[in-house]
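Be aware that the sequence shown starts at 13, since it is given in the working numbering, and climbs by one per residue.
Idealized CB from N, CA, C, for every residue including glycine.
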Amino acid sequence: MKLFIAAACLATLAGLTGAAAQSYPSRPITIIVPFAAGGPSDAIARILGERMRAALGQPLLVENVVGAGGSTAVGRAARAAPDGYTISFGHLGTHVFNGAIYPLQYDLLADLDPLILLPSNPMVVVSKTAIPATDLKGLIEWAKANSDKVTAGTAGVGAASHIGGLYFEQRTGAKLRFIPYRGGGPALQDLMAGQIDIMFDQAANSIPQIQAGKIKAFAVTAKQRLKAMPDIPTVDEAGLPGLYIAVWHGLWAPKGTPKDVTAKLSAAILEALADPEVREKFAALGQDIPEPAQQTAAALRAHHEAEIKLWWPMIKAAGIKIE
Ligand code: ASP
């Protein structure tokens, strides 16, 4: 009898889960963005979220959870109920670098289910307009001559903007004074205002301000120039060969989110990535959209694992760590 009741309860539960998945989403979905509003992560998540709303019939609300290089936000997402109503937006910094730097209370691979690999953008070495240098070699000379005085804005310890700066230090011998912000958005505001000297900034954040003449650009951390701003030389051309950083993005769901729910989310993301308007917005921000064959959960998992293998030893060897 007891067994029968247990089986009946399980069947009811399974039915409920199935029914819940069928009506999913029946309320707004929260995208946890690990940096401040107005920055590159926020911009990309909002472009996607807006278009996903059309596909899913429910709003996607961006929640900016800042702090600790984005690790607070990812922890919150990893611990959220796996019901499809909370998803984790992140990038190379939050989902790779942080694992080598912070003593995380969650496992970046085991506690999150990958949804889709999202666009990627390189970084741009930028400065306030008052810096006298006109090219990267000049900037390096100037940074070395002012060693320990040059301020570099970052989106937080361990953020891509920080790691980019550390590699610059390693390659040039110039010492920088890193100033952490709640995200690339507020750091860029201070760069434009002349409060800080330089930034290793995601192209998505800097492009509009470079175009407006509000900051100076010296090099792109990629093998190829940006399609959106072909005048900026690559690091190979400008004097720091091989300093490549591609800040790729992704969306994850808390581990154990039902497959029929993640399938609906993934379909909505794919629809967004195929939309010409969305593609145009990404292109204007220097974002390269992965090829259709790469727009999968498996591709995100494979790239995530490969990037952890590539970067963790380099970061650990550079001695970057938060206790
Ligand atoms: N993605 C960060 C932001 O949106 C910037 C960074 O990682 O450097 O602020």
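Shortest Cα-Cα distance from Ala265 to any of Thr98, Ser159, Lys293, Asn133 involves Thr98. Check the Cα spacing between Glu153 and each of Asp119, Leu188, Val169, Pro131: the tightest is with Leu188. Assigned with DSSP and collapsed to three states, Met241 falls in coil, not helix or strand.
Counting other Cβ atoms within 10 Å of its Cβ, Pro242 stays below 16 and is therefore classed as exposed.
Counting only residues of its own chain and dropping the five nearest sequence neighbours on each side, Ser218 has a CB closer than 6 Å to the CB of Val136, Val138.
Around the CB of Pro288, fewer than 16 other CB atoms lie within 10 Å, so the residue is classed as exposed. In terms of CA proximity to Val162, Leu203 leads the group Leu203, Ser132, Leu127, Pro198. In this structure the region 104–120 does not lie against the region 177–184, because fewer than three pairs of beta carbons, one per stretch, are closer than 8 Å.
Note on Asp160: under 16 other CB atoms within 10 angstroms of its CB, so exposed under the neighbour-count rule.
For Ile222, the enclosing alpha helix (DSSP H) has its first and last residue at 215–223.
The DSSP-derived three-state label of Ser35 is helix. Taking a C-beta distance under 7 Å as the contact criterion, Gly170 and Phe109 qualify as a contact pair. Short of 6 Å from the beta carbon of Val247, and not among the five residues preceding or following it, lie these beta carbons of its own chain, in chain order: Ala231, Thr233, Leu255. In the displayed model, Val247 falls within a helix according to three-state DSSP. Uninterrupted alpha helix (DSSP H) stretches at least 4 residues long and entirely within the region 149–204 occur at 172–184, 196–204, given in chain order. Between Leu263 and Phe101, the C-beta spacing is below 7 Å. For Gln214, the CB contacts under 7 Å within the same chain, skipping 5 residues up- and downstream, are Pro52, Asn133, Met135, Ala172, Gly196, Val259 in chain order.
Closest in alpha carbon position to Gln299, among Glu317, Val45, Ala57, is Ala57.
With 16 or more other Cβ atoms from the protein chains shown falling within 10 Å of its own Cβ, Arg63 counts as buried.
Annotated three-state conformation of Ile281 is helix, per DSSP.
Membership of Ile320 in the alpha helix (DSSP H) is indicated by the continuous run 309–329.
Between Ala250 and Leu130, the CB-CB gap reaches or exceeds 7 Å. Within its own chain, the residues whose Cβ lies closer than 6 Å to the Cβ of Leu252, once the five positions on either side in sequence are excluded, are Arg183, listed in chain order. From the listed residues Ala279, Glu303, Ala330, Lys293, the smallest Cα separation to Gly69 is found for Ala279. When the five nearest sequence neighbours on each side are left out, the beta carbons in the same chain lying within less than 8 Å of the beta carbon of Ile244 are those of Val136, Ile222, Ala229, Phe230, Ala231, Val232, Arg237, Leu238, in order along the chain. The residues Leu129, in chain order, have a CB closer than 6 Å to that of Pro302 in the same chain once the five nearest residues on each side in sequence are set aside. For Ser132, the distance from the CB to the nearest heavy atom of ligand 1 is not below 6 Å. For Arg88, same chain residues with a beta-carbon under 7 Å away, outside a window of 5 residues either side, are Ile44, Val77 in chain order.
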